[in-house]
Each structure stands twice: as structure tokens, then as C-alpha cells.
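Chains as they are written, first to last, in the working numbering: chain A, 1 to 90; chain L, 1 to 215. Beta carbons: idealized from backbone N, C-alpha and C, even for Gly. Contents: one structure, followed by commentary.
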């Protein structure tokens, strides 16, 4: 799949968070770029982080290196979308 | 071993998902078994050596023993194979009437996911975890809640899914498939969950296909 824009990536990341964390559609749809993630969502523990990253890799066809994973990229929904967009589109 | 369905019916022998994915998909797998039974198809879900009710310690588990044990189950009675996720790494030596995989995954991807969870946990606690250490000899390693031998990790990293006659996947997966279903990737779900509609759709497909293979 070719990802042509941030909106597509944002949609994919939102779906991954909903699926992996078991969030309702309403809750996931309400995420904005400023919505805090790691440390703010009780569902997002370290096991869930691994699931989220691996599922993003599978759906976007990207590879996330371990040294790229840091607190900043998981701080907000917008930061995660920005990171995934950079990896998927360049 | 969990068995459901009529004894004289066509049989589906299930290779379960592995490690934490096994826990996350156990209830879902049993929901598929119920769906098969409701359609007059029997199914059996064995415990691989070192998992669930098996008396063997998990850290003594080896991939070739899993393959041999699954093949021994298949030798007892003619069956169609159904592998969930990493189960597709285990069913290759079995003599089956047909082989169906649900979202098969490489062993390398499974190891990567477990190492990543361990690293995320290590970051939280300030401990350091070096994934490269897995490749040097040493005692069993705790990964995502399982004590696993380094030999098993190394064998898994090379392991590819067996050749399937039919591959089922979710809409969200990019890899090729014979049929796709809408649904959640329950093997990644933070809490074990069942997608009843997905389980029923998979059971319906598998029941029809099992009858085709058995005919």
C-alpha cells in the first residue's frame, strides 16, 4: 500500500490504537494531535507499546528501529502520527 | 488438549498461536471451535510441550519438539490443520488432509515483538536489555512473561510458516490471502478479547473448507 498523505497515516495510527488498546470508536475518533498517549492512557503499558509499534509496522509496511523508539514519539497522538508519516512517506 | 464437536465428524486439528499471543487468542480460538461444532465439525486444540497443561517446563520447549508433537497428534486421526498466527511455524511436519492458516507470521516477527516488549519494560524500570545477548549461549531469558531458551529463540528467528492450502487474513493486513475478514487483530490486543463476528465468520469458512478437503 502506498501512503499518499498524513491523513491516511493518521487514520491508520488511530485504527491501530483502537484495535490494540481496545478503545471504543468514539474514544479513538476524539484523539487530536495534542492528546497525550504514554503515561496518560492506562491501557498503553510497555507490552501494549510493543503491540502498537509492531502493528503500525505491519499496516504501513515500515520498519521501526529500536533506537528510534523514545518517549517523545509516544508522548502525543500527533507525535506518533508525525513519526509514522516520516517513516512511511519520507 | 481441548476437544469439541461430534466424534464421528470431520476433524480440524488446531495449531495454536504462540507465547503471549496464545493467551490473547485462546478464547477467540475456542469461539471458533464452538462455531465449528455448531456446524457439525469436530476440532481439537492440543497443548504444545511446555505450554498450558503440559508438564514440561516452558524453558525446555524446543521448536522441533513442537513440530514432532503436533505431527504425532495429526497421525492419530485424519484431520485438516488450522494454524493461528505462530501455529503456522509448528504444523509443517504433520500429515494433514489440508492446511489452513489464519494470519500466519514468521518466527522472526514473533521474536522481534517479544524483544521489543522486553525493551519497553526495561526502559520503564531503568534496566538495560541487550537483544544481541540472545544470540550468545546462556540460561533461559524472560521475554514477555515466558522463560524461553536461547535455542528456541534462535530456531524461531529462522522459522517460516509452512506451505498452506488456504490463507485467511484480516482486512488490515497487507500480505496476500485467499480470503479476508473484517475484525480486530486480537493477538495484539492489550487485553484478551473475543470478536464474536470474526470467530463465527472464520468458523463458517473453515467448516465449509474442511468438508471440501474431507470429501
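Would you mind working out which of the options sits nearest residue i, comparing C-alpha positions?
i: residue 10 of chain L; options: L:25, L:23, L:41; result: L:41
i: residue 118 of chain L; options: A:55, A:51, A:83, A:22; result: A:51
i: residue 299 of chain L; options: L:214, L:211, L:196, L:212; result: No answer is possible for residue 299 of chain L: the residues shown for chain L start at 1 and end at 215.
i: residue 66 of chain L; options: L:14, L:212, L:135, L:180; result: L:14
i: residue 110 of chain L; options: L:71, L:161, L:170, L:101; result: L:161
i: residue 45 of chain L; options: L:59, L:27, L:61; result: L:27
i: residue 103 of chain L; options: A:55, A:8, A:69; result: A:55
i: residue 174 of chain L; options: A:66, A:60, A:46, A:81; result: A:60
i: residue 130 of chain L; options: A:63, A:67, A:75, A:45; result: A:67
Closest Cβ-Cβ distance between residue i and chain A: below 8 Å?
i: residue 160 of chain L; result: no
i: residue 116 of chain L; result: yes
i: residue 104 of chain L; result: no
i: residue 120 of chain L; result: yes
Would you mind stating whether residue i and residue j have Cβ atoms separated by less than 8 Å?
i: residue 35 of chain A; j: residue 77 of chain A; result: yes
i: residue 90 of chain L; j: residue 48 of chain L; result: yes
i: residue 171 of chain L; j: residue 184 of chain L; result: no
i: residue 18 of chain L; j: residue 159 of chain L; result: no
i: residue 38 of chain A; j: residue 14 of chain A; result: no
i: residue 9 of chain A; j: residue 79 of chain A; result: no
i: residue 43 of chain A; j: residue 22 of chain A; result: yes
i: residue 80 of chain L; j: residue 12 of chain L; result: yes
Counting only beta-carbon atoms, is residue i nearer than 8 Å to chain L?
i: residue 50 of chain A; result: yes
i: residue 22 of chain A; result: yes
i: residue 47 of chain A; result: yes
i: residue 53 of chain A; result: yes
i: residue 19 of chain A; result: yes
i: residue 75 of chain A; result: no
i: residue 43 of chain A; result: yes
Got a sec: which bits of the segment 82–113 of chain L sit with their beta carbon under 8 Å from any beta carbon on chain A, in order along the chain? 109, 112, 113
When Cβ atoms are compared, which residues of the segment 167–199 of chain L fall closer than 7 Å to chain A? 172, 173, 174, 184, 185, 188, 189, 190, 191, 193
Residues of the segment 134–164 of chain L in Cβ contact with chain A at a cutoff of 9 Å, in chain order, please. 144, 145
Within the segment 143–201 of chain L, ranges of the alpha helix (DSSP H) (whole runs, at least 4 residues): 150–158
By the 8 Å beta-carbon criterion, what residues does the segment 53–68 of chain A contribute toward chain L? 53, 54, 55, 58, 59, 61, 66
Complete alpha helix (DSSP H) runs within the segment 28–76 of chain L (minimum length 4 residues, chain order): 63–76
Of all the beta strand (DSSP E) runs that stay within the bounds of the segment 79–109 of chain L, which reach a length of 3 or more residues? 80–84, 99–102
At 3 residues or longer, and completely inside the segment 6–62 of chain A: list those beta strand (DSSP E) runs for me, N to C. none
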